[in-house]
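Taken in sequence, the protein lines are chains A and B. The first sequence runs contiguously to residue 1055 in my numbering. The second sequence runs contiguously to residue 368 in my numbering. Glycine residues also receive a C-beta, built at the ideal position from the N, C-alpha and C atoms. Quick notes on the structure that follows.
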Amino acid sequence: MAYDNRNFIQKLLKMPTAAEKQAAREAKPEYQAIKTSGMTLTIKDRAKSADQLAKAQKVGRILWLVVVYAFLLFMALIVLFPFYWMVITSLKSTTEIRSLNQTFFPTHVLWSNYITVFNSFDFGTYVGNTLVVGVISTLGTLLTTIFAAFAFARLNFKGREAIFGILLATMMIPGEMMVITNYITVSRLPWFEFANGGVQMIDGWLTTKSAVFAAMIVPFWVSVFYIYLLRQNFKQIPNELYLAAKVDGKSDWQYLWKVMVPLASPTLISIFILKLMGAWNSYVWPNLVTTNDPSWRLVTNALRGSFTNSSGEPQYGIQMAATILVTVPLLLLFIFFRKYIMRGVGRAGIKG
Amino acid sequence: MAPEKTAQEKTPFIAKAKGFVVNLFKPKERVSADAGEKNNWKAWLYLAPCIILLAVFTFYPLINTIAIAFLKNYDYIQQTSEGFTLENFGVVLGLVGYTQSGDMVMRWNCTSFRSGGVVGSFIDAGGVVRDAYFTMDVIKYAFPNTLIITFITVPISIIIALFIAIGLNSIPAFHKALQTIFFVPYVTNAIAVGMVFAVLFDYQGIINYLFGLGSLTWIDQGAPAWRAMIALCVYIVWHSLPFKILILLSGLQNIDKQYYDAAKIDSASGFKTMMNVTVPLLSPQILYIMITSFIGAFKEYTSVVGLLGKPSTDGGGTNNMYTVVYYIYDMVKGNVQYGAAAAVLLFIIILIFTGIQFKVSKKRVHY
């Protein structure tokens, strides 16, 4: 029996078949023959003319920019808000900080918090310690970095690439692995102290001031990352300069200091500032090695844990005043050396 | 990669020609002979300070720390131990405990636990019920907290940084000023700003005031760990944005404008352009940021110290806000071997994650 089972479902549900739909569509005026004479041609995209499109695009772009600026300004506000809050909290009294209605500007501008900080917190000592440690460790780092980067960039020797590869691999190792053993190392290394007109040998670098400072400086005299950074910079210096220096009878040593170091000075400045900031911000290691005498501390590890009253409640106004004193030098450095810092970080990305 | 290409294009023809001529007359053999074997000892002299320092403070510690992790009852003052053991890892993972008399007990031999799993009861060989004490700080708090911090802060901060960088790259004015503002958190002291966030998140602080939350505790004594974690994550994201924005922005500025012209001709929408042009071309920078921020998040420590001052918000005194690195640093002066074991575990985790990211990047990153 011949049974037409095409369009079975359509028949069952009494729906128009595809052929019927097409016929209905062609019956509409749009599908009839069109008289093209006497018509003008306008090119349209989604039913809009070119003029309209250009206008819409312009409006769209302006709207988009408004949205982008609003977003960026909002984010900038979030980024800056903690700084603002830090400043105004440092000018408030404890009762105002603790009041139910938070004020966005102190009702009484109170400078006494700063005076309290200077009286109770030995800011000068800590800053002095930090500067001594920071500058000496930075200068040492610069020296070792310049020498190593020079060797890797300019001199040929056996195993150069292998050693450089090993150095780079150490950057992957978390510093915590080293801290454990380094603490043991510095607590056992011998130290020579000048006392009573003679030299005295002491066991460990944790008991006298000069030894503790050495413990905060010497382990940080080398930075693989800065070696990498400076080597890249040294490699960009054209070979011809080296050859010219050789023709002039200059030694490698003279070439390094007279040509390479001056040419790489922007990178060296970046390294100097980043390293100094690293010393200013260092917390973990100083906190471990300065436990024997609070007056050996650096700024950051002296800051945390200070200014709580007898019942353990933090005194936020004074705390914030101290925080500002720690933050402002960093911001000043940033203002004056913005270019070096951002360029250094852009290529570095590793703090300290 | 795009940056190199543009640098090449920018090299003026004259310089290229000059380089060619100079290369032509360069006495290659003589130089390499001169700078070869003869310089060997000199090169080592230049490298000596760096190599000596690295040997003492990087290579030796690495080996020594791994060794300590496998030593029983290591005493760092006397430098003595009772030989090789795997117990330290067991202790760190909460699997090995000790009785008060120092007998080792495995966790699975205990029948019941008290004080959040710290004290376990077991029946000894003589049939007596005794207590064993376990270290739960790492397995219960440090590892989970570290993982939570990592998987919350890394994606969120990368996405926000991406939006900000794309926004900064598309505006015609105030570009430099805004860029500088967004960089400011980088040059701040993690401890100092952590203390500022402690003021913001105080129970009488501005966050509660602005959002009308009454006197909800976030970071104070008695606050639940998850709320302290929110405050901590907000702070970490805030602090980690500038670096990411800087890297992404430098990547964006190196993208050839032609790609966008092509996208415009194809009348691709802004979102499509971002997903199909910007993000793929930024993928090397995104990979770099992912790897560095994953490692950074695994090592989160100063943010906890800055914000909380101690690894706990719990009145009961448990270290519920420990991170792995916090635990390691707490162990440095006491049970070094446990700290070393935790450090080795952290190292392995970081290696695995970095390896996974490199593996994934082979398929996804366009160089």
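Just the C-alpha distance for residue i and residue j, rounded to the nearest angstrom, thanks.
| i | j | result |
| --- | --- | --- |
| residue 350 (chain B) | residue 880 (chain A) | 13 Å |
| residue 898 (chain A) | residue 905 (chain A) | 11 Å |
| residue 848 (chain A) | residue 841 (chain A) | 10 Å |
| residue 114 (chain B) | residue 94 (chain B) | 16 Å |
| residue 100 (chain B) | residue 132 (chain B) | 6 Å |
| residue 827 (chain A) | residue 763 (chain A) | 57 Å |
| residue 363 (chain B) | residue 855 (chain A) | 29 Å |
| residue 807 (chain A) | residue 891 (chain A) | 53 Å |
| residue 123 (chain B) | residue 103 (chain B) | 14 Å |
| residue 161 (chain B) | residue 281 (chain B) | 17 Å |
| residue 957 (chain A) | residue 835 (chain A) | 29 Å |
| residue 819 (chain A) | residue 789 (chain A) | 16 Å |
| residue 347 (chain B) | residue 803 (chain A) | 44 Å |
| residue 776 (chain A) | residue 1030 (chain A) | 23 Å |
| residue 236 (chain B) | residue 843 (chain A) | 34 Å |
| residue 32 (chain B) | residue 869 (chain A) | Low confidence applies here, because residue 32 (chain B) scores a pLDDT of 45, under 50, leaving its location unreliable; read the following figure in that light. Approximately 27 Å between the Cα atoms of the pair. |
| residue 922 (chain A) | residue 766 (chain A) | 55 Å |
| residue 25 (chain B) | residue 942 (chain A) | Unreliable positioning characterises residue 25 (chain B) in this predicted model, as indicated by a pLDDT of 48, which lies under 50. The coordinate reading is nonetheless provided below. Straight-line Cα distance between these residues: approximately 13 Å. |
| residue 307 (chain B) | residue 823 (chain A) | 21 Å |
| residue 106 (chain B) | residue 332 (chain B) | 22 Å |
| residue 1047 (chain A) | residue 878 (chain A) | 21 Å |
| residue 216 (chain B) | residue 206 (chain B) | 8 Å |
| residue 340 (chain B) | residue 1004 (chain A) | 21 Å |
| residue 938 (chain A) | residue 967 (chain A) | 10 Å |
| residue 127 (chain B) | residue 110 (chain B) | 14 Å |
| residue 47 (chain B) | residue 875 (chain A) | 24 Å |
| residue 758 (chain A) | residue 752 (chain A) | 10 Å |
| residue 356 (chain B) | residue 366 (chain B) | 14 Å |
| residue 65 (chain B) | residue 884 (chain A) | 7 Å |
| residue 863 (chain A) | residue 58 (chain B) | 21 Å |
Residue i touches chain A at which residues, Cβ-Cβ below 8 Å?
| i | result |
| --- | --- |
| residue 272 (chain B) | The contacting residues do not exist; residue 272 (chain B) stays about 11 Å from chain A at best. |
| residue 251 (chain B) | 1049 |
So, at 6 Å on beta carbons, what are the nonlocal neighbours of residue i in its own chain, with the 5 sequence-adjacent residues on each side left out?
| i | result |
| --- | --- |
| residue 208 (chain B) | 201 and 202 |
| residue 278 (chain B) | 260 and 264 |
Which chain B residues sit within Cβ distance under 9 Å of residue i?
| i | result |
| --- | --- |
| residue 983 (chain A) | 190 |
| residue 850 (chain A) | 46, 47, 48, 49, 50 and 51 |
Identify, in the order they occur along the chain, each residue of the same chain with its Cβ nearer than 8 Å to the Cβ of residue i, setting aside the five sequence neighbours on each side.
| i | result |
| --- | --- |
| residue 155 (chain B) | 291, 294, 295 and 298 |
| residue 778 (chain A) | none |
| residue 797 (chain A) | 1018, 1019 and 1020 |
Just grab the DSSP bridge partners of residue i for me.
| i | result |
| --- | --- |
| residue 371 (chain B) | Nothing can be reported for residue 371 (chain B), as the shown portion of chain B is limited to 2 through 368. |
| residue 785 (chain A) | Per DSSP, none; premise fails for residue 785 (chain A). |
| residue 969 (chain A) | Bridge partners of residue 969 (chain A): none, in fact. |
| residue 989 (chain A) | Bridge partners of residue 989 (chain A): none, in fact. |
Within the 8 Å Cβ cut-off, does residue i reach chain C?
| i | result |
| --- | --- |
| residue 755 (chain A) | Any reference to chain C falls outside this structure, whose protein chains are A and B. |
Residue i touches chain B at which residues, Cβ-Cβ below 7 Å?
| i | result |
| --- | --- |
| residue 845 (chain A) | The contacting residues do not exist; residue 845 (chain A) stays about 11 Å from chain B at best. |
| residue 886 (chain A) | 333 |
| residue 1041 (chain A) | 181 |
| residue 788 (chain A) | 197, 200, 201 and 207 |
| residue 960 (chain A) | Those do not exist, as residue 960 (chain A) stays about 12 Å from chain B at its closest Cβ, beyond 7 Å. |
| residue 674 (chain A) | Since the first residue shown for chain A is 704 and the last is 1055, residue 674 (chain A) is missing from the structure and cannot be characterised. |
| residue 1034 (chain A) | 188 |
For a contact meaning CB atoms closer than 8 Å, what does residue i contact in chain B?
| i | result |
| --- | --- |
| residue 906 (chain A) | What residue 906 (chain A) touches in chain B: nothing, since even the nearest Cβ is about 10 Å away. |
| residue 1022 (chain A) | 196 and 200 |
| residue 872 (chain A) | Ordered by position in chain B, no residue passes the 8 Å Cβ test against residue 872 (chain A), which lies about 11 Å from the chain. |
Taking C-beta pairs closer than 7 Å, name the residues in chain A that residue i reaches, listed in chain order.
| i | result |
| --- | --- |
| residue 168 (chain B) | 771, 774 and 775 |
| residue 184 (chain B) | 1045 |
Whose Cβ in chain A lies nearer than 9 Å to the Cβ of residue i?
| i | result |
| --- | --- |
| residue 45 (chain B) | 854 and 860 |
| residue 300 (chain B) | 877, 878 and 879 |
| residue 341 (chain B) | 880, 883 and 884 |
| residue 210 (chain B) | 803, 804 and 805 |
Short of 7 Å in beta carbon distance, which residues of its chain neighbour residue i, apart from the five on each side in sequence? Order them along the chain.
| i | result |
| --- | --- |
| residue 166 (chain B) | 246, 249, 250 and 253 |
| residue 138 (chain B) | 320, 323 and 328 |
| residue 244 (chain B) | 187 |
| residue 75 (chain B) | 69, 82, 337 and 338 |
| residue 313 (chain B) | 319, 320, 321 and 322 |
| residue 134 (chain B) | 98, 99, 119 and 120 |
Ordered list of beta strand (DSSP E) runs contained in the stretch 871-907 of chain A, each at least 3 residues: 893-898 and 901-906
Can you check the stretch 36-112 of chain B for any alpha helix (DSSP H) of at least 4 residues that lies completely inside it and give the ranges in chain order? 41-55, 61-70 and 88-93
Where are the alpha helix (DSSP H) runs, 4 residues long or more, that stay fully inside the stretch 774-836 of chain A, in chain order? 797-800 and 815-823
Which ranges would you report for the beta strand (DSSP E) in the stretch 177-216 of chain B if only whole runs of at least 3 residues count? none
What are the start and end residues of each continuous alpha helix (DSSP H) run of 4 or more residues lying completely inside the stretch 128-186 of chain B, in chain order? 144-171 and 176-184
Could you name each continuous alpha helix (DSSP H) segment of 4 residues or more that falls completely within the stretch 284-354 of chain B, going from the start of the chain to the end? 303-309 and 325-332
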